[in-house]
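*Asks:* Quick one: the structure is below, questions incoming.
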Amino acid sequence: MATDHSFRRQLDGYRLATAEILYHLPDHPGLLQSYVWQDYDIAPKYPVLSRFLAFWTHELEGPIHSVRLAGKKLIGAAELRSVSEYGLN
């Protein structure tokens, strides 16, 4: 049986990270637009988000104004139990 990729990442210490990126519209720099990014990442350095923001800075128009970040650990090793504990094997 294949293990779900997102489940495997959570076991490896990744958490669901959500970032709200406010950026200046290229044609109207006085206006801000919001973009919501979400992926599994590792706190506290958030390397996946950092790579995305580096890509944005180098490849996309619309300079970033600010980034708000929220992260939630959805599962941890201490929360897992063997199915044998429940008599399911």
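Take the sequence shown: its position 35, counting from 1, is numbered 595 in the numbering used here, and each next residue is one higher. The beta-carbon is built from N, C-alpha and C at its ideal position, and this holds for glycine as well.
May I ask which residues mark the beginning and end of the beta strand (DSSP E) holding arginine 576?
*Replies:* Here the question's residue 576 lines up with position 16 in the sequence shown. For the record, residue 576 in the displayed sequence is leucine; it is not arginine. From DSSP, the beta strand (DSSP E) with leucine 576 extends over 575 to 584.
*Asks:* Could you check what DSSP says for histidine 588 in three-state terms: helix, strand or coil?
*Replies:* For the purposes of this step, residue 588 is taken as residue 28 along the sequence shown, with counting starting at 1. Residue state, collapsed to three classes: coil.
*Asks:* Can we say the segment 606 to 614 touches the segment 583 to 595, given the rule of at least three CB pairs closer than 8 angstroms?
*Replies:* Verdict: no, contact absent.
*Asks:* Starting from the Cα of leucine 576, find the closest Cα among Val627, Trp616, Ala603 and give me that residue.
*Replies:* Reading the sequence shown from its first residue, position 16 is the one you call residue 576. Checking every option, the nearest Cα to that of leucine 576 belongs to Ala603.
*Asks:* Take the Cβ of alanine 579 as the centre, count every other Cβ of all protein chains shown within 10 Å, and call the residue buried at 16 or more, exposed below.
*Replies:* Your numbering for residue 579 matches position 19 in the sequence shown. Buried.
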